[in-house]
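Numbering (this note's numbering), first residue to last: 103 to 427. Here is the structure we will look at, set down as structure tokens.
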């Protein structure tokens, strides 16, 4: 199998001492599913071929849960950034109390929870728990003898955490303000938030399209509810500076209302700016299209206006609903 350069965080994630990331994945899959190493290697190769080369027939004999598991296990190989970005987090953790409680909000395949637990933190993994898939993620923790608590993200309860990890989550949800309010309200004052909001159009339906409109306004929204951004690359690192203003449920309601207000305001401002620049962009696109004989999609040029107007409309509706109008 192929060897890739190993990041510091991948070494914490690794299941074995192998220098080959794909072989390491195959070893872990073998122990999770209790199959032979040859069968495990074949399965991993099939999924990678299907996912990247679009040879769907190669995975016709695999069940959906196994396919999804391998997709998560192979992320360090397929998309090294998904793991290497955690290298920027590690220096910030060195000054934290080893007893700090960490919430992995929308933990997916559990890779970040494993890294945090390996460092000795008290980790709570949360996601929309699916019995079949969650059992496999839980087994990843058990195989490494890591005491990670697993809860449904809807059943965390009124608990706060010193550190919250939220990677590749908010772009998948329809009500970004509601989820963001839930995350911020769970932070202790002085607590850290590590977030990667991938507000880009995946063109396959994975990301909610109107969420592309948050690209220019999301940081301002976070700052409006009391977060100070200490780093933007390769991911957002924030500190909560706002003190407690009540219990968690009350805070979540306040933050949610404030976020609807600020997103409504900023989305309209961004839509106006985008609309002002639109005629020039359309003329340039038309010139490029004629010169290169390429069919450019003009709706892509309209999307900054459309996405921001969608955010403005939804925020307006939710503010009205709250006020009983």
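C-beta atoms are modelled at their ideal positions from N, C-alpha and C, and glycine is treated no differently.
Proximity below 8 angstroms, CB of residue 244 to CB of residue 115: Translated into positions along the chain shown, residue 244 becomes position 142. Translated into positions along the chain shown, residue 115 becomes position 13. It is not a contact, given that the beta carbons lie outside the stated cut-off.
If we require 3 or more residues per run, which beta strand (DSSP E) segments fall completely within the region 199 to 246? The region 199 to 246 is shown to contain whole beta strand (DSSP E) runs of 3 or more residues at 203 to 207, 224 to 229, in chain order.
Can residue 407 and residue 376 be called in contact, C-beta distance under 8 angstroms? Translated into the one-based positions of the chain shown, residue 407 becomes position 305. Translated into the one-based positions of the chain shown, residue 376 becomes position 274. Yes; because the gap between Cβ atoms is below 8 angstroms, this pair is in contact.
Rounded C-alpha distance that separates residue 112 from residue 330: For the purposes of this step, residue 112 is identified with residue 10 of the chain shown, where counting begins at 1. For the purposes of this step, residue 330 is identified with residue 228 of the chain shown, where counting begins at 1. Cα-Cα distance, rounded: 28 angstroms.
Rounded separation between residue 108 and residue 181 - CA only: Position 6 of the chain shown, counting from 1, holds the residue named residue 108. Position 79 of the chain shown, counting from 1, holds the residue named residue 181. Cα to Cα, residue 108 sits roughly 12 angstroms from residue 181.
Got a sec? Which residues, its chain only, sit under 6 angstroms from residue 241 by beta carbon, not counting five neighbours each side? Within the chain shown, the letter at position 139 stands for residue 241. So the list reads 134, once near-sequence residues are dropped.
What are the boundary residues of the beta strand (DSSP E) that residue 149 is part of? For the purposes of this step, residue 149 is taken as the residue at position 47 of the chain shown. Unbroken run through residue 149 is the alpha helix (DSSP H), 139 to 155; no beta strand (DSSP E).
Under three-state DSSP, which class holds residue 278? On the chain shown, position 176 is the one that residue 278 refers to. DSSP places residue 278 in helix when its eight states are reduced to three.
Looking only at C-alpha atoms, which of 160, 221, 126 sits nearest to residue 175? Working through the chain shown from its first residue, we reach residue 175 at position 73. 126 is the residue among 160, 221, 126 whose C-alpha sits nearest the C-alpha of residue 175.
By Cβ distance below 6 angstroms, which residues in the same chain neighbour residue 262 in space, the five residues on each side in sequence not counted? Within the chain shown, the letter at position 160 stands for residue 262. For residue 262, where only same-chain residues beyond five positions count, the Cβ hits under 6 angstroms are 288, 290.
Compute the distance between the beta-carbons of residue 227 and residue 268, then report whether it is under 8 angstroms. Here residue 227 refers to the residue found at position 125 when the chain shown is read from its first residue. Here residue 268 refers to the residue found at position 166 when the chain shown is read from its first residue. Not in contact: residue 227 and residue 268 (Cβ atoms no closer than 8 angstroms).
Comparing C-alpha positions only, which one of 230, 191, 199 sits nearest to residue 207? For this step, residue 207 is matched to residue 105 along the chain shown. When only C-alpha atoms are compared, the closest one is 230.
Using a Cβ-Cβ cutoff of less than 6 angstroms, which residues in the same chain neighbour residue 274 once the five nearest sequence positions on both sides are dropped? Position 172 of the chain shown holds residue 274. None.
Helix, strand or coil, according to DSSP, for residue 336 in the structure here? By 1-based counting over the chain shown, the position of residue 336 is 234. Assignment of residue 336 by DSSP, reduced to helix, strand and coil, places it in the coil class.
Between residue 146 and residue 172, is the Cβ-Cβ spacing less than 8 angstroms? On the chain shown, residue 146 is found 44 positions in, with the first residue counted as 1. On the chain shown, residue 172 is found 70 positions in, with the first residue counted as 1. Going by C-beta atoms, residue 146 is nearer than 8 angstroms to residue 172.
Suppose the cutoff is 6 angstroms on Cβ atoms and the five residues either side in sequence are ignored; what does the same chain contact list for residue 55 look like? Shown here, the chain extends from 103 to 427; a query on residue 55 therefore has no answer.
So what does residue 268 bridge to, in DSSP terms? Taking the first residue of the chain shown as 1, we reach residue 268 at position 166. Per DSSP, 297.
Taking C-alpha atoms, which residue in 183, 295, 352, 354 lies nearest to residue 333? Translated into the one-based positions of the chain shown, residue 333 becomes position 231. Nearest of 183, 295, 352, 354 to residue 333, Cα basis: 295.
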